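Counting from 1, one number per residue, gives the positions in the sequence shown under the numbering used here.
For glycine and all other residues, C-beta sits at the position ideal for the given N, C-alpha and C.
These figures come from a predicted structure and were not determined experimentally.
Remarks on the structure that follows.
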Amino acid sequence: WARCAGQPHRARCRHLKPGSSIFSAAAHREQVRRLRNSMLRSLSPETLGFALDAFDAGNLSRAALLWHSISLRDDVIASVKPKREKAVARRDWQVLTVNESSTAKAHQQTLDEFWNNITAVDALNRNDRGGMAKLIRQMMQAVSYKYAAHHLVWQPSRGGLGCTFEFVPLWFFENRTGELRFLQTGTETAGTEMPPDEWMVTCADPAMIAGSIGYVCKRNALTDWVVFSEKFGIPGLLGRTSQAQDSEGGRAMQQAVETFSSDWEAVLFGDDGTGKLELIQAAGGNTLPFPALIDRVDRRLAALWRGADLSSMSSSMGQGQCAGLQRDEIDLIKADEALMISETLNESERRVIAWHYGPKVKPLAYLRLNVPQREDLRLLLDAVEKIVNHGGEIAVQDIMERFNLEPAKPGAQLLQPSAARTPPADPADPDDMAEINAASRARAEELFLARAARLLASAGADDRAELVEDLRAVLNADDDHIAEATTQFLGRLPEHISQDAGQRKAWETLLASSLVNGLALAKP
């Protein structure tokens with residue numbers, strides 16, 4: 001508030017008033033904690049069905065409370081669910097610009113300072129707090145529960161705009177109108193509206209719908225297995241004697257059986273006279289259905305949260321095509337989650353830029369979570385090696401950031417080019433001119449690769465693979481067909497990149513320069 005005093009854009013701050021905690025009173029927080037009593041004791045296939053039907057209808061509380069208990073009690077879900085959330089929270093992030101203007105650089109600096117100074121806290125357990133990594137992990141709860149809601153507590157000051165993101169459990173919301181609405185105590189039927197300036201909602205595909213069904217099947221199988229073990233884990237004892245029940249021999253047999261066993265026992269009187277003790281065991285052994293069912297559920301639970309059960313499935317399928325397909329599926333999940341988190345955070349960035357620069361200012365910078373690209377990094381590494389070997393000029397900081405490497409410490413041994421540069425020959429010698437031209441063409445090609453790699457790095461993940469393939473066609477074209485290949489490349493640019501004037505201009509300039517240099521060097 002104080003920051004805007006006397007400034008022409010004070011009106012821009014009115015939609016971001018200083019906020020307070022969604023659960024401000026300690027007594028209130030204690031009251032809502034009581035709603036989290038375990039619902040697992042009465043869980044059955046019927047009660048789970050009612051909870052899932054209510055969730056589909058927009059009444060989220062019952063399923064959310066049930067899922068919360070399951071995620072803490074099941075041994076597999078309690079292991080794989082946090083791993084899925086931590087994997088995204090530990091990724092590096094950066095604020096990028098849409099162009100190289102001074103305004104974009106200013107937006108980049110503003111957003112970078114904002115995201116580095118936020119606070120993320122659990123609304124019910126305020127001991128659980130942190131920064132950006134904590135915020136992302138809380139947002140990743142949507143992967144299990146479909147929604148993850150944060151209450152935004154804005155903190156305007158003279159030094160800038162701060163924010164505390166309060167994570168509110170899902171059982172405090174209902175979705176009967178198609179939009180989340182807040183339940184103040186968690187017991188109301190209809191909630192209150194959630195202004196976009198005060199709330200951030202992350203949405204994903206809920207793994208707990210299928211996970212809770214698997215949990216019920218697994219729990220029932222475990223219960224039956226425990227009952228079977230208690231009932232038949234210790235063999236029974238059967239005494240056989242030809243003596244009558246009230247005879248001295250019969251009483252002796254009964255006493256012997258009671259001496260050896262204390263529970264599952266019997267005496268068979270008037271038998272064939274063998275007079276022996278037999279162990280009675282229940283049939284089953286490896287044919288019991290419980291282990292196979294539990295193992296199947298555990299494997300599918302792991303696959304739901306981790307993308308694929310590589311530790312067990314790949315060992316039986318081999319390390320060939322199936323393992324490669326599973327790896328591709330995991331990469332797809334990683335890229336999609338990074339984009340989901342980034343786009344959700346970008347909505348809050350609009351308000352940050354509006355507060356600093358005016359309500360009608362369009363953000364020229366945005367946050368992105370970094371997702372490793374195996375194929376792109378190999379292509380970039382090959383280009384960098386060739387460029388360095390031929391004396392090309394590349395900013396070290398750009399390459400270090402692209403490969404997520406730290407700068408070398410003073411005195412550390414540094415990597416060197418694989419081959420020393422060849423000094424230029426005497427231009428007066430006609431025989432050396434061809435060699436000079438060949439070296440110049442090689443250097444021009446490497447410079448082209450370096451600039452193309454930078455443009456590829458700024459392209460979207462979905463378009464990058466297509467751009468790489470089309471770029472290879474240009475590089476493989478001979479001198480007579482390079483113009484045609486260049487024209488085809490420009491014509492096949494993905495639609496959204498073609499509409500980006502900056503991206504298209506950069507590609508046209510790069511390919512035109514390469515075309516001119518290639519034709520000039522091809523002349524005798």
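At a Cβ-Cβ threshold of 8 angstroms, Lys81 and Trp305 count as neighbours.
Less than 8 angstroms divides the Cβ of Leu65 from the Cβ of Trp171. Closest in C-alpha terms to Asn99, from the list Asp92, Ser247, Arg91 and Gln108, comes Gln108. Within 10 angstroms of the beta-carbon of Phe167 lie 16 or more other beta-carbons, which makes it buried. Rounded to whole angstroms, Asp197 and Glu179 show a C-alpha spacing of 15 angstroms. Pairwise C-beta distances place the stretch 348-359 in contact with the stretch 103-118, as three or more of them are shorter than 8 angstroms.
Nearest C-alpha to Ala365 among Phe55, Arg41 and Leu111: Leu111.
With a cutoff of 8 angstroms on beta-carbon distance, Leu43 and Val216 are scored as near each other. When the five nearest sequence neighbours on each side are left out, the beta carbons in the same chain lying within less than 7 angstroms of the beta carbon of His151 are those of Ile22, Ala123, Glu166, Val168, Glu198 and Trp199, in order along the chain.
Around the CB of Ser212, 16 or more other CB atoms lie within 10 Å, so the residue is classed as buried.
At a Cβ-Cβ threshold of 8 angstroms, Arg91 and Leu369 count as neighbours.
A straight-line Cα-Cα distance of about 9 angstroms links Gln184 and Phe173.
Listed as beta-bridge partners of Glu179 by DSSP are no residues whatsoever. Shown here, Leu381 sits in a helix according to DSSP, grouped into three states.
The C-alpha of Glu343 lies about 11 angstroms from the C-alpha of Asp336.
Going by C-alpha positions, Gly250 is about 9 angstroms away from Arg240. By DSSP's assignment, Gly162 forms a beta bridge with Gln155.
Assignment of beta-bridge partners to Asp74 by DSSP yields no partner.
According to DSSP, residue pairing for Leu369 in a beta bridge involves Trp93. Shown here, Asn116 sits in coil according to DSSP, grouped into three states, outside any helix or strand. Judged by DSSP in its simplified three-state form, Ala149 adopts strand. Asp336 carries a helical assignment under DSSP once its states are collapsed to helix, strand and coil. For the options Trp115, Arg84, Gly49 and Arg41, the alpha carbon positioned closest to that of Leu301 is the one of Arg84. At a Cβ-Cβ threshold of 8 angstroms, Thr202 and Thr164 do not count as neighbours. For Trp305, the enclosing alpha helix (DSSP H) starts and ends at Pro289 to Arg306. Residue environment: Asp75 is assigned as exposed (fewer than 16 neighbouring CB atoms within 10 Å of its CB, all protein chains considered). In the DSSP assignment, Met200 falls within the unbroken beta strand (DSSP E) covering Trp199 to Cys203. The DSSP-derived three-state label of Arg126 is coil. Put simply, of Gly191, Leu288 and Gly162 the residue whose alpha carbon is nearest the alpha carbon of Leu222 is Leu288. Looking from the CA of Asn59, the closest CA among Pro291, Ala452 and Thr187 belongs to Thr187. The bridge partners DSSP lists for Val121 are Arg129 and Glu166. One thing to note: Phe114 has its Cβ within 8 angstroms of the Cβ of Leu161.
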